[in-house]
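Chemist: In the working numbering, the protein residues as written are 14 to 168.
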Amino acid sequence: VAGMANRRLGGELLRGYPKEFVNALKRNPATAHLVNHKDEATINTEFLRLDKDKKIIKGGIFSLDGLHPTTIGYGLMANVYYISMVQAGVKFQKKMDWDHIIAEDSLITNPPVLLKELRSVLGYLALGNQERFLKIGKSIFTQVFEHLSTGDQKN
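The following block contains the structure:
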């Protein structure tokens with residue numbers, strides 16, 4: 014996973030994604046958009062972000078806390094061990110089941126609807142007491158001002 018750390022590596026991957034993983038992303042309707050026109054997976058190590066259609070546009074390897082991997086992230090780590098063991102001569106009965114791994118990752122296949130709001134709440138909670146008070150006061154003032162300033166301006 015360290016070889017896939019976009020931000021730390023300046024956007025360049027040291028280790029590509031397994032072809033079977035990319036193909037499984039394309040087969041799953043909930044994740045097909047995570048493969049670009051060059052047949053490259055766009056899933057990365059950034060914080061999870063959604064577009065207006067509630068589809069993932071960034072992240073996917075780490076969960077919402079930014080520390081623990083998603084099911085896909087664990088699968089990618091397991092794949093590194095799998096490859097090492099195959100190279101060492103270990104014979105497996107089955108290959109990695111990327112379709113199953115992706116289907117089981119509900120954070121990626123069915124992201125929380127309130128993910129954008131969660132970022133706002135976390136940002137608010139990170140503020141100090143004075144900053145919170147000012148933010149609430151400014152919001153209330155803005156709402157009152159907008160309410161009072163709307164209406165018929167013909168007079």
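From the three backbone atoms N, C-alpha and C, an ideal C-beta is built for every residue, glycine too.
1. Is V35 near the ligand MN, with its Cβ less than 6 Å from a heavy atom?
2. Expressed to the nearest angstrom, what Euclidean distance is found between the alpha-carbon atoms of K67 and G102?
3. Can you tell me whether A54 is helix, strand or coil according to DSSP?
4. Look at the Cβ atom of K51, then the Cβ atom of E59, and state whether they are nearer than 7 Å.
5. L47 and I69 look like a contact to me (Cβ under 8 Å); what is the Cβ gap, rounded to whole Å?
6. Taking 7 Å as the limit between beta carbons, can you name the residues of its chain near T84, skipping five residues before and five after?
7. How would you write the range of the beta strand (DSSP E) that K71 sits in, first residue to last?
8. Going by DSSP in three states, L63 sits in which element: helix, strand or coil?
9. Hey, how far is the Cα of N123 from the Cα of G150?
Modeler: According to the structure shown:
1. Ligands in the displayed structure: none, and consequently the ligand MN is not present.
2. Here residue 67 is taken as the residue at index 54 of the sequence shown, counted from 1. Here residue 102 is taken as the residue at index 89 of the sequence shown, counted from 1. Approximately 43 Å between the Cα atoms of the pair.
3. Counting from 1 along the sequence shown, the entry for residue 54 is found at position 41. If DSSP states are grouped into helix, strand and coil, A54 belongs with the strands.
4. For the purposes of this step, residue 51 is identified with residue 38 of the sequence shown, where counting begins at 1. For the purposes of this step, residue 59 is identified with residue 46 of the sequence shown, where counting begins at 1. No. Outside cutoff.
5. As a position in the sequence shown, residue 47 is number 34, starting the count at 1. As a position in the sequence shown, residue 69 is number 56, starting the count at 1. Contact flag correct, Cβ pair sits at about 6 Å.
6. As a working note, residue 84 is residue 71 in the sequence shown. For T84, where only same-chain residues beyond five positions count, the Cβ hits under 7 Å are I114, E117, D118.
7. Taking the first residue of the sequence shown as 1, we reach residue 71 at position 58. Note, K71: beta strand (DSSP E), 69-71.
8. Your numbering for residue 63 matches position 50 in the sequence shown. Looking at L63 - three-state DSSP - the assignment turns out to be strand.
9. Stepping through the sequence shown from its first residue, residue 123 is reached at position 110. Stepping through the sequence shown from its first residue, residue 150 is reached at position 137. N123 and G150: Cα-Cα distance of roughly 36 Å.
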